[in-house]
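Following our numbering, the numbering of the sequence shown begins with 38 at its first residue and continues without gaps.
Below is one structure, written out as structure tokens; comments come after it.
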Amino acid sequence: MASALLHRLRQHYRAAQRRPIAQAAREPAWYIAHRRLLQANLARRDADPLWFGQALYIQFLGAQIVALEHALGDDGEETARRYAAARGRSAWQIIALAKRLCVLAQVPSVGVYVQSGRLPTSWAQLL
């Protein structure tokens with residue numbers, strides 16, 4: 038079941054790579070680097086489903102943050118600093134990006150933000 042879901046997510050993500058999520062000029066370097074790492078690891082057969090899920094969630098949070106920063110006129114320096122401080126650990130990156138999203142959107146949690154219905158980038162666009 039989990040491997041079938043992982044296979045389907047990989048297919049959707051590969052097909053969606055041709056569609057831009059945000060304008061290339063607006064995407065920060067950390068977001069581009071993470072997306073390239075995700076794309077490179079999609080070809081690996083031994084990719085851990087947990088890693089893949091975490092990587093997709095980081096992409097989702099990143100897409101929301103990029104859109105909010107653009108709308109608010111933020112330079113993205115704080116987000117880049119928090120992402121770098123996570124030192125490449127997926128769980129720490131998720132926590133750092135979730136906290137940053139909550140600050141930018143002025144909500145108490147990511148769940149509240151998602152339920153608000155004002156997502157600039159949906160899961161369907163990401164996948």
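Yeah, the Cβ is synthetic: ideal placement off N, Cα and C, and Gly gets one too.
Residue i (DSSP reduced to helix, strand or coil)
i      : result
Ala70  : helix
Ser127 : helix
Gln60  : Because Gln60 sits at a pLDDT of 48, beneath the cut-off of 50, its placement in the model cannot be relied upon, and the following sentence gives the value as read from the coordinates. Three-state DSSP puts Gln60 in coil, outside helix and strand.
Gly90  : helix
Val151 : helix
Arg137 : helix
Leu79  : helix
Buried or exposed by the 16-neighbour rule on C-beta atoms within 10 Å, applied to residue i
i      : result
Glu114 : exposed
Arg119 : buried
Trp160 : exposed
Pro86  : exposed
Val149 : exposed
Ile95  : buried
Gln143 : exposed
Arg137 : buried
Proximity below 8 Å, CB of residue i to CB of residue j
i      : j      : result
Ala133 : Val147 : no
Gly90  : His71  : no
Ala123 : Trp129 : yes
Tell me the start and end of each unbroken beta strand (DSSP E) in the stretch 96 to 125 that is at least 3 residues and wholly inside, in chain order. Correct list: empty.
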